[in-house]
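Asks:
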Amino acid sequence: MQSPADRQDRHEYPAHWEADVVLRDGGTARIRPITVDDADRLVSFYEQVSDESKYYRFFAPYPRLSAKDVHRFTHHDFVDRVGLAATIGGEFIATVRYDRIGADGLPASAPADEAEVAFLVQDAHQGRGVASALLEHIAAVARERGIRRFAAEVLPANTKMIKVFTDAGYTQKRSFEDGVVRLEFDLEPTDRSLAVQRAREQRAEARSVRRLLAPGSVAVVGVGRAPGGVGRSVLGNIRDAGHPGRLYAVNKAFPEDLKEVDGVPAYRSVRDIEGPVDLAVVAVPAEHVPAVVSECGEHGVQGLVVLSAGYAESGPEGRERQRALVQLARAYGMRIIGPNAFGVINTAPGVLLNASLAPEMPRPGRIGLFTQSGAIGIALLSRLHRRGGGVTGVTGVSTFVSAGNRADVSGNDVLQYWYDDAETDVVLMYLESLGNPRKFTRLARRTAAAKPLVVVQGVGSAPQGHAVRATRLPHATVSALLRQAGVIRVDTITELVDAGLLLARQPLPAGPRVAIVGNSESLGVLTYDRCLAEGLRPSPPLDLTTGATAQDFHRALSRALADETCDAVVVTAIPAIGEGSPGDAELAEALRSAAAAVPGKPVLVVHVELGGLAEALSAAASTSPQALAKAPGVEDGAPPFHPADRLPTTAAAPPESPVDPTPEGADSRLIPAYPAAERAVRALAEAVKYGQWRREAADPGRVPEYDDIDEKGAAELIGGLLERGQGLTIGQAGTCELLEKYGIHVRRALAAPTPDAAAEAARALGYPVALKATAPHLRHRADLGGVRLDLADEEQLRRAYAELTELFGQPEELRPVVQGMAPRGVDTVVRAVIDPAAGAVLSFGLAGAASQLLGDMAHRLIPVTDREATSLVRSIRTAPLLFGWRGSTPVDTPALEELLLRVSRLVDDHPEVVAVTLEPVVVAQHGVSVLGATLRLAPPPARDDLGPRTLPAY
8 MQSPADRQDR HEYPAHWEAD VVLRDGGTAR IRPITVDDAD RLVSFYEQVS
58 DESKYYRFFA PYPRLSAKDV HRFTHHDFVD RVGLAATIGG EFIATVRYDR
108 IGADGLPASA PADEAEVAFL VQDAHQGRGV ASALLEHIAA VARERGIRRF
158 AAEVLPANTK MIKVFTDAGY TQKRSFEDGV VRLEFDLEPT DRSLAVQRAR
208 EQRAEARSVR RLLAPGSVAV VGVGRAPGGV GRSVLGNIRD AGHPGRLYAV
258 NKAFPEDLKE VDGVPAYRSV RDIEGPVDLA VVAVPAEHVP AVVSECGEHG
308 VQGLVVLSAG YAESGPEGRE RQRALVQLAR AYGMRIIGPN AFGVINTAPG
358 VLLNASLAPE MPRPGRIGLF TQSGAIGIAL LSRLHRRGGG VTGVTGVSTF
408 VSAGNRADVS GNDVLQYWYD DAETDVVLMY LESLGNPRKF TRLARRTAAA
458 KPLVVVQGVG SAPQGHAVRA TRLPHATVSA LLRQAGVIRV DTITELVDAG
508 LLLARQPLPA GPRVAIVGNS ESLGVLTYDR CLAEGLRPSP PLDLTTGATA
558 QDFHRALSRA LADETCDAVV VTAIPAIGEG SPGDAELAEA LRSAAAAVPG
608 KPVLVVHVEL GGLAEALSAA ASTSPQALAK APGVEDGAPP FHPADRLPTT
658 AAAPPESPVD PTPEGADSRL IPAYPAAERA VRALAEAVKY GQWRREAADP
708 GRVPEYDDID EKGAAELIGG LLERGQGLTI GQAGTCELLE KYGIHVRRAL
758 AAPTPDAAAE AARALGYPVA LKATAPHLRH RADLGGVRLD LADEEQLRRA
808 YAELTELFGQ PEELRPVVQG MAPRGVDTVV RAVIDPAAGA VLSFGLAGAA
858 SQLLGDMAHR LIPVTDREAT SLVRSIRTAP LLFGWRGSTP VDTPALEELL
908 LRVSRLVDDH PEVVAVTLEP VVVAQHGVSV LGATLRLAPP PARDDLGPRT
958 LPAY
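Taking our numbering, I'd label the letters of the sequence shown as residues 8 to 961.
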């Protein structure tokens with residue numbers, strides 16, 4: 008920030024243009040305005056640019072900058088002349104500038120809306136996506152300053168820069184004259200430019216996480232000289248996991264003659280390490296961390312895992328320490344997991360990294376696991392690792408991240424990595440807070456379309472160490488929006504693991520129809536009841552009796568899976584005593600062989616006191632599915648089961664074994680086993696809902712166009728209303744006029760301050776009419792008697808007026824209005840709000856107790872498609888009242904859905920409309936009537952999801 012004496016000639020230094028960005032290779036850079044203080048940096052930067060790059064920039068040999076050049080390139084007014092620099096370690100690596108020009112191509116001021124733009128990138132940093140990031144930011148700056156179009160002149164041989172412009176996705180025009188390519192492009196974001204920006208964001212952030220999870224070399228800083236302690240423990244964990252890369256132990260207190268610690272090369276400083284270091288695990292006291300970060304940055308370390316505590320979780324002083332830590336790391340282009348982190352794990356064969364406090368490497372598998380709390384991470388790893396005494400299965404972990412205070416790398420970044428990670432099939436996340444709900448919802452929707460995403464979301468206030476955006480939405484609303492994005496929302500760690508194990512090893516069910524087979528009638532009935540409670544459609548349980556053999560289970564499961572009216576099978580099993588009773592391994596193989604013959608349907612097992620069965624289901628090997636000849640006596644085409652024919656099984660490993668005896672991928676039909684029916688059925692129900700979401704997500708619908716919408720007229724009206732103040736709830740007349748621009752008609756309500764005024768209003772509207780008290784404590788409260796309906800003549804109107812004033816007070820207190828009667832129907836409420844964290848949200852429910860007392864509201868993110876509007880109406884628990892419940896007349900839900908779509912369009916087209924409430928909306932047999940409306944305007948909130956790519960500010 009500059010002092011007043013150094014301020015540029017027209018505007019103060021625009022600090023809000025400063026931003027940290029992730030580059031194409033996963034490193035970071037800082038983008039900021041160029042100021043008069045940058046003269047020496049600019050000269051130094053230019054000296055490191057090749058002659059070829061200088062020629063491309065100036066179209067002639069230009070070995071050095073003159074004093075006049077330096078002055079020109081460092082003095083800007085931040086309106087007509089703007090320069091931005093990308094920096095690493097405080098030094099320039101690239102610059103971009105624009106100069107506003109008029110129609111004649113000469114320097115100009117507003118209202119001229121075109122500018123020439125030019126870039127220069129240091130050769131060592133070309134190919135890292137620096138110019139693309141700078142273009143996004145300089146375009147955002149230009150739009151802010153009223154510039155709508157860029158022009159650039161580029162030599163034909165400068166193909167890299169031409170590609171930067173042409174790949175950006177803006178609408179552009181290209182010409183060739185006098186040996187120069189001239190490019191002109193509009194700066195208004197397009198669907199393609201946003202798609203390009205988000206694709207680049209995904210690749211960059213995924214690579215930044217990959218550099219942390221798959222390093223070629225690791226240094227642990229803070230390794231104690233004596234056994235024990237955090238640093239020494241992590242060093243041992245990395246070594247014992249078998250990480251193939253170079254490993255270094257670092258402690259400034261090491262004696263100078265110390266060469267090794269536990270067989271690992273020892274150094275007093277990261278600077279002393281001769282080879283490259285990709286990842287540094289920092290386990291030193293908080294006050295020593297800045298020096299370590301500086302050493303790492305100077306050595307070229309790519310990323311940090313900071314285990315050290317004493318940051319934002321400890322209070323305001325720690326929060327400032329955390330802010331300084333992030334700023335310092337980003338200045339060197341490094342990303343941070345932590346501080347106060349538990350660590351990271353990657354079980355991939357070529358990585359085998361356990362840079363965490365977990366004493367054992369988890370079994371390799373297909374589940375990606377993210378937590379913020381170390382304690383929760385320990386609990387989840389432990390539950391996934393156990394083979395008995397709970398949900399079992401050898402499904403293991405692909406990667407694990409415990410982000411601690413998530414000061415830099417967050418769940419959003421890790422989602423970007425898992426989205427296209429071939430080693431991860433299912434994502435489990437325990438989120439104590441959501442730092443950027445709008446972005447998380449966007450990323451979750453894309454991820455869930457490719458692989459299941461199961462989330463436990465914290466209900467209470469965010470932990471002290473987390474920076475969280477304020478939201479006005481209730482927790483239930485946020486949960487509903489996450490479900491809309493395809494997130495499988497569960498409430499506990501147990502449910503998280505239950506769902507994860509099913510989704511990792513079984514196919515998605517095609518529907519809610521469930522077959523139940525087992526050797527216990529009571530357990531089958533319990534499972535049946537739980538299926539009904541979870542909204543599934545179970546068939547009556549098939550009781551095989553306690554004398555059932557493994558062959559009986561095999562035959563019954565085969566028949567159930569072959570049944571076209573069955574989408575999933577739950578097998579219930581209790582211990583049986585007798586000569587013919589199957590052993591655990593025999594029964595497990597019977598179930599798995601039957602399931603393997605029909606691989607398209609999920610199978611779950613509910614077991615009671617059968618720890619051996621659960622382990623056998625998890626650990627026993629089996630043959631690949633193969634066509635089996637039908638044996639005499641086998642019913643309904645079920646393949647025969649011959650226990651003696653199966654391949655020898657590998658001995659089951661004990662629960663504490665860190666290595667899975669059956670490698671993941673060797674058999675994709677491992678069957679998850681659950682110790683309670685409700686847990687199995689709940690996991691299955693979540694899989695059914697997710698499968699339905701996946702099918703619907705393939706065709707999300709469209710946002711319809713309406714010919715009668717006057718978007719331009721609405722914008723002009725909003726602009727005029729906002730001139731009166733920064734934020735206001737506009738009057739009834741303005742509300743009705745604005746809604747009318749979007750085809751939303753509000754029934755007229757005329758003020759009735761006296762009985763005579765009420766009679767005059769009724770004559771103007773026509774009888775029958777309604778008389779309503781609109782005072783805040785009586786508004787929409789027909790149950791209190793503040794509304795009188797179907798008043799057929801003036802006599803009834805005056806009598807009702809007298810009754811209201813007698814009951815509730817003077818007209819000045821009641822604020823009575825007269826309104827024409829609407830056709831009878833179902834009273835509903837429609838709301839839209841722009842939340843600072845989650846974005847624009849459309850809500851719907853029935854008016855009155857259903858929504859106010861029971862919270863029966865459904866929610867969708869704006870813009871809403873036609874399919875989403877249809878599902879929104881049907882999502883509330885009281886939806887049957889709209890569709891002819893108990894013989895009532897069904898109402899016009901298509902008209903209701905159109906109203907929802909029009910409200911969605913209004914808020915999406917005009918972000919200045921920060922809140923809309925339509926209440927009541929009477930949905931009749933034919934059409935809808937909006938009887939009340941309130942609308943609030945304010946300057947549009949910042950949309951960081953539409954601006955240039957940035958990391959969260961610190």
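C-beta atoms are modelled at their ideal positions from N, C-alpha and C, and glycine is treated no differently.
#1: What's the C-alpha gap between TYR437 and TYR681?
#2: Under a three-way DSSP split, which group does GLY235 fall into?
#3: Along the chain, where does the alpha helix (DSSP H) that runs through LEU388 open and close?
#4: Reducing DSSP to helix, strand and coil, say where ARG881 ends up.
#5: Classify LYS266 as buried or exposed, calling it buried when 16 or more other Cβ atoms lie within 10 Å of its own Cβ.
#6: Give the list of continuous alpha helix (DSSP H) stretches no shorter than 4 residues that lie fully inside the stretch 784-861.
#7: Grouping DSSP H, G and I as helix and E and B as strand, with all else coil, what is GLY525?
#8: Mind checking whether GLY531 and ASP550 have CB atoms under 7 Å apart?
#9: Which whole-angstrom value describes the C-beta separation of LEU691 and LEU811, a residue pair presumed to lie in contact below a C-beta threshold of 8 Å?
#10: Alpha carbon to alpha carbon, how far is ALA768 from ALA759?
#11: Are PRO516 and ALA569 close, meaning C-beta to C-beta below 7 Å?
#12: With H, G and I counted as helix, E and B as strand and the rest as coil, what does DSSP make of MET864?
#13: Could you please give the first and the last residue of the uninterrupted alpha helix (DSSP H) stretch that includes PHE172?
#14: Looking at the structure shown, is VAL420 part of a helix, part of a strand, or coil, going by DSSP?
#15: Between which residues of its own chain and GLY954 is the CB-CB distance below 7 Å, once the five residues before and five after are set aside?
#16: Please report the residue range of the alpha helix (DSSP H) in which ARG218 lies.
#17: Could you name the residues of the same chain whose beta carbon sits closer than 7 Å to that of GLY33, not counting the 5 residues immediately before and after it, in chain order?
#18: Report the rounded CA-to-CA distance for ARG413 versus GLY238, giving the unit in angstroms.
#19: With distances taken Cα to Cα, identify the nearest neighbour of ALA290 among ASP834, VAL299, THR761 and PRO606.
#20: Based on the DSSP output, what are the partners of LEU30 in its beta bridges?
#21: What is the DSSP secondary structure of ASP185, reduced to helix, strand or coil?
#22: In the DSSP assignment, find the alpha helix (DSSP H) that holds ARG328 and state where it starts and stops.
#23: Would you kindly work out how many angstroms separate the C-alpha atoms of ALA972 and THR572, rounded to a whole number?
#24: In the DSSP assignment, find the beta strand (DSSP E) that holds HIS614 and state where it starts and stops.
#25: Is it buried or exposed, LYS779, if we count other Cβ atoms within 10 angstroms and call 16 or more buried?
#26: Output yes or no for whether 7 Å exceeds the beta carbon distance between GLY679 and LEU509.
#27: Can you tell me whether DSSP reads ALA122 as helix, strand or coil?
#28: Under 7 Å between the Cβ atoms of ALA557 and LEU594?
#29: State whether the stretch 495-514 contacts the stretch 539-546, with contact taken as three or more CB pairs (one from each stretch) at a distance under 8 Å.
#30: Go through its chain and collect everything with a Cβ distance to LEU489's Cβ below 6 Å, but skip five positions before and after it.
#31: Is LEU866 near SER878, with beta carbons less than 7 Å apart?
#32: Taking the alpha-carbon of ALA319 as reference, which of LEU332, PRO114 and PHE890 has the nearest alpha-carbon?
#33: DSSP three-state label for VAL308, please.
#34: For PHE52, report the span of its beta strand (DSSP E) as first-last.
#35: Would you say the stretch 821-838 touches the stretch 921-928, given that touching needs at least three Cβ pairs under 8 Å?
#36: Would ASP174 be called buried (16 or more neighbouring beta carbons within 10 Å of its own) or exposed?
Replies: Taking the structure as given:
#1: Start at 1 with the first residue of the sequence shown, and residue 437 comes out as number 430. Start at 1 with the first residue of the sequence shown, and residue 681 comes out as number 674. Answer to the nearest angstrom: the Cα atoms are 21 Å apart.
#2: Reading the sequence shown from its first residue, position 228 is the one you call residue 235. GLY235 falls in the coil class under three-state DSSP.
#3: As a first step, residue 388 must be located in the sequence shown, where it is residue number 381. Taken as a continuous stretch (DSSP letters only), the alpha helix (DSSP H) holding LEU388 covers 381-392.
#4: Looking up residue 881 in the sequence shown gives position 874. Helix.
#5: Numbered from its first residue, the sequence shown carries residue 266 at position 259. Exposed.
#6: 801-815, 818-821 and 856-859
#7: In the sequence shown, residue 525 corresponds to position 518, counting from 1. Three-state result, GLY525: strand.
#8: Here residue 531 refers to the residue found at position 524 of the sequence shown. Here residue 550 refers to the residue found at position 543 of the sequence shown. Result yes, Cβ atoms of GLY531 and ASP550 sit closer than 7 Å.
#9: Within the sequence shown, numbered from 1, the residue matching residue 691 stands at position 684. Within the sequence shown, numbered from 1, the residue matching residue 811 stands at position 804. Not confirmed; about 55 Å, so no contact.
#10: For the purposes of this step, residue 768 is taken as residue 761 along the sequence shown, with counting starting at 1. For the purposes of this step, residue 759 is taken as residue 752 along the sequence shown, with counting starting at 1. Whole-angstrom Cα-Cα distance: 7 Å.
#11: If you number the sequence shown from 1, residue 516 lands on position 509. If you number the sequence shown from 1, residue 569 lands on position 562. Contact flag unset, no.
#12: Within the sequence shown, numbered from 1, the residue matching residue 864 stands at position 857. The answer is strand: DSSP assigns MET864 an E or B state.
#13: Along the sequence shown, read from residue 1 onward, the residue named residue 172 stands at position 165. That run of the alpha helix (DSSP H) goes 166-173.
#14: Here residue 420 refers to the residue found at position 413 of the sequence shown. According to the sequence provided, residue 420 is Asp. The question's Val does not apply to it. Helix, per DSSP.
#15: Residue numbering aside, residue 954 sits at position 947 when the sequence shown is read from its first letter. Answer for GLY954: ALA147, listed in chain order.
#16: As a working mapping, residue 218 is identified with position 211 in the sequence shown. Where ARG218 is concerned, the enclosing alpha helix (DSSP H) stretches over 198-220.
#17: As a working mapping, residue 33 is identified with position 26 in the sequence shown. Same-chain partners within the cutoff: ALA211, ARG214, SER215, ARG217 and ARG218.
#18: Position 406 of the sequence shown, counted from the first residue, corresponds to residue 413. Position 231 of the sequence shown, counted from the first residue, corresponds to residue 238. Roughly 20 Å separates the two Cα atoms.
#19: One-based indexing of the sequence shown puts residue 290 at position 283. Comparing Cα-Cα distances from ALA290 to each of ASP834, VAL299, THR761 and PRO606, the minimum goes to VAL299.
#20: Looking up residue 30 in the sequence shown gives position 23. Note: LEU30 sits in no beta bridge, so no partner.
#21: Numbered from its first residue, the sequence shown carries residue 185 at position 178. Here ASP185 sits in coil by DSSP.
#22: Along the sequence shown, read from residue 1 onward, the residue named residue 328 stands at position 321. First-last of the alpha helix (DSSP H) with ARG328: 323-338.
#23: For the chain, the structure presents residues 8 to 961; residue 972 sits outside this window and is missing.
#24: Reading the sequence shown from its first residue, position 607 is the one you call residue 614. Unbroken beta strand (DSSP E) run through HIS614: 610-614.
#25: Residue numbering aside, residue 779 sits at position 772 when the sequence shown is read from its first letter. When all chains shown are included, LYS779 counts as buried.
#26: Working through the sequence shown from its first residue, we reach residue 679 at position 672. Working through the sequence shown from its first residue, we reach residue 509 at position 502. First, the residue type needs correcting, since residue 679 is Pro and not Gly in the sequence shown. Yes, the Cβ-Cβ distance between PRO679 and LEU509 is below 7 Å.
#27: Residue numbering aside, residue 122 sits at position 115 when the sequence shown is read from its first letter. Correct three-state label for ALA122: strand.
#28: Numbered from 1 along the sequence shown, position 550 holds the residue referred to as residue 557. Numbered from 1 along the sequence shown, position 587 holds the residue referred to as residue 594. Yes, they are a contact pair.
#29: no
#30: As a first step, residue 489 is located in the sequence shown; it is residue number 482 there, counting from the start. Around LEU489: ARG496.
#31: For the purposes of this step, residue 866 is identified with residue 859 of the sequence shown, where counting begins at 1. For the purposes of this step, residue 878 is identified with residue 871 of the sequence shown, where counting begins at 1. Reading off the sequence shown, one finds His at residue 866, where the question assumed Leu. No.
#32: Here the question's residue 319 lines up with position 312 in the sequence shown. Comparing Cα positions, the closest option is LEU332.
#33: Mapped onto the sequence shown, residue 308 falls at position 301. Here VAL308 sits in coil by DSSP.
#34: The residue you call residue 52 lines up with position 45 of the sequence shown. Note, PHE52: premise wrong, no beta strand (DSSP E); alpha helix (DSSP H) at 46-54.
#35: yes
#36: Residue numbering aside, residue 174 sits at position 167 when the sequence shown is read from its first letter. Burial call: exposed.
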